[in-house]
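J.: Got a structure here, written out as structure tokens. Questions coming.
Residue numbers (the working numbering): 1075 to 1298.
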């Protein structure tokens, strides 16, 4: 008597996850975060954070605390010199350290970089992932950081990318690659290229980790 067909052969194949549904769920998860650590790096073409185009964004790292608070460090290049600038955002109040004396002061009005923009419920994750993405494609799953992640590419409206980068990008549509945790739907990485003030595009890499860990962010003392 011939051997029976292995049960595995009769199993229904797992349905392919819907990338648009994944991104919509990720939007809810990322918008409802209590906290997260982040790292943002730029390579390639320049991205100036000031109207005079003297401070070229290099990287930023820090922590977000809900609702709308950020504590971090910004690295910029100015006339060939590398500078580090502290920044704190609490509600509508934003502060930076003066790179010359390291004292805290109000964020200048002509600065374009606002690290809190990505986490803003009205301008950040939810509209980016639920309203301003098109052509979402599930490239596959990747063992990113030793953990299974969805790898998804999609086209984002340029105006939305400009908003979440605080004006550091142009208004042209941008193709973004996302890595999304398959269990929590947290976005752990996104990368893309944007137009720049130089001859080559700016290349952006954003990483997110340490989700929902205890974070306390307080406003600094001006001049301190």
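For glycine and all other residues, C-beta sits at the position ideal for the given N, C-alpha and C.
Note that this is a predicted model, so its numbers are computed, not measured.
Provide the residue(s) that pair with residue 1155 in DSSP beta bridges, ordered along the chain.
T.: Bridge partners of residue 1155: 1152.
J.: Going residue by residue through the segment 1091 to 1145, where are the continuous alpha helix (DSSP H) segments of at least 4 residues, counting only ones entirely within it?
T.: Counting whole runs of 4 or more residues, the segment 1091 to 1145 contains the alpha helix (DSSP H) stretches 1093 to 1105.
J.: What residue does the beta strand (DSSP E) around residue 1222 start on, and which one ends it?
T.: That run of the beta strand (DSSP E) goes 1221 to 1230.
J.: Roughly how many angstroms lie between the CA atoms of residue 1217 and residue 1106, to the nearest whole one?
T.: In a straight line, the C-alpha of residue 1217 is about 25 Å away from that of residue 1106.
J.: Output yes or no for whether 9 Å exceeds the beta carbon distance between residue 1206 and residue 1231.
T.: Cβ distance < 9 Å, so residue 1206 and residue 1231 count as in contact.
J.: Measure from the alpha carbon of residue 1139 to the alpha carbon of each residue in 1177, 1123, 1109, then state which is nearest.
T.: Checked all of 1177, 1123, 1109; the closest Cα to residue 1139 is 1109.
J.: Compare the C-alpha of residue 1147 against each of 1111, 1119, 1274, 1153 and name the closest.
T.: Considering only alpha carbons, the answer is 1111.
J.: Quick check on residue 1238: does DSSP put it in helix, strand or coil?
T.: The answer is helix: DSSP assigns residue 1238 an H, G or I state.
J.: Between 1157, 1210, 1252, 1256, which lies nearest to residue 1279 when the distance is taken from Cα to Cα?
T.: Of the listed residues, the one whose Cα sits closest to residue 1279 is 1252.
J.: Just reading off the beta strand (DSSP E) that residue 1212 is part of, what are its end residues?
T.: Where residue 1212 is concerned, the enclosing beta strand (DSSP E) stretches over 1207 to 1218.
J.: Can you tell which of 1277, 1271, 1292 has the C-alpha that lies nearest to the C-alpha of residue 1124?
T.: Per the Cα distances, 1271.
J.: Would you list, in sequence order, the uninterrupted beta strand (DSSP E) runs of no fewer than 3 residues that lie entirely inside the segment 1259 to 1290?
T.: The qualifying runs are 1261 to 1268, 1276 to 1283.
J.: So, using beta-carbon positions, are residue 1100 and residue 1261 closer together than 9 Å?
T.: Against a cut-off of 9 Å, the Cβ pair of residue 1261 and residue 1100 comes out as a contact.
J.: Compare the C-alpha of residue 1226 against each of 1132, 1240, 1259, 1220 and name the closest.
T.: With distances taken between Cα atoms, residue 1226 lies closest to 1259.
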